[in-house]
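Quick notes on the structure that follows.
Residue numbers (this note's numbering): 124 to 277.
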C-alpha cells in the first residue's frame, strides 16, 4: 500500500494555475449506502467538467465508490465529506473524510467465498493501474487519492 504523503490533509484553499482557479467541489452527505450513488453522480459530472478521458472516468468512479462505501461502513458519524479538486493542470485529487479516527485501514485478502472485504484491494489495484497514489491520513479518518490525467503514469 502506498505510504501516507505529507500534506494529505483536507483542501485549505482552491488551487490556481496562473490567473485561473482550477475546478473543485466539496459535498457532505449522510452516512448511508444511498449517499454513495449521490457522490458518484456529482463526481461523474465534475470529472466530465474537468475533461477526464472516458476510459479513466469508470475506474475513477469505482475508486470513489469504494472509499465512500468504506466511510459508510466503518465511520461512526452521521455524515461524511468528499472533496475533489485539481491541484495542477492534468492532475486530480480527492478525499473522503469520515471524521472517525482509527487504525489506518489496509487492503485485505478475504477467502474466495467471502462476500465482502475486497474494497481496498480493488482501490489499490485500480489506482496502481492508473499510475496514481492513495492512502489514509495518519489518524485513519481521511482517505485520499491522487491521479495524473496524462503521461507515462497511465
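Just so you know, even glycine gets a beta-carbon here, dropped at the ideal spot from N, CA and C. It should be emphasised that the depicted structure is a prediction, and the values quoted were computed from it without experimental measurement.
Close CB contacts of residue 192 within its chain, under the 7 angstroms cut and outside five residues either way in sequence, are with 159 and 242 (chain order). In chain order, 180 and 183 place their CB closer than 7 angstroms to the CB of residue 170, counting only its own chain and leaving out the 5 sequence neighbours on each side. Within the same chain, 219 and 266 come within 6 angstroms of residue 190 by CB-CB distance, once the 5 residues on both sides are set aside. For residue 255 against residue 221, the beta-carbon gap comes to about 21 angstroms, at or over 8 angstroms, which does not count as contact. Within the model, the alpha-carbon separation for residue 223 versus residue 229 is close to 16 angstroms.
For residue 243, no pairing in a beta bridge is given by DSSP. In the structure shown, the three-state DSSP call for residue 250 is helix. Secondary-structure assignment with DSSP links residue 204 through a beta bridge to 151 and 220. Here the alpha carbons of residue 251 and residue 213 stand approximately 17 angstroms from one another. Secondary structure note for residue 258: it is in no alpha helix (DSSP H), and the uninterrupted beta strand (DSSP E) holding it is 256-259. In this chain, the alpha helix (DSSP H) harbouring residue 191 covers 177-197. In terms of CA proximity to residue 272, 253 leads the group 253, 205 and 234.
For residue 269, the enclosing beta strand (DSSP E) stretches over residues 265-271. At least 8 angstroms separates the beta-carbon of residue 154 from that of residue 204. Boundaries of the alpha helix (DSSP H) harbouring residue 160: 156-172, taken from the DSSP string.
When DSSP states are grouped into helix, strand and coil, residue 237 belongs to the coil group.
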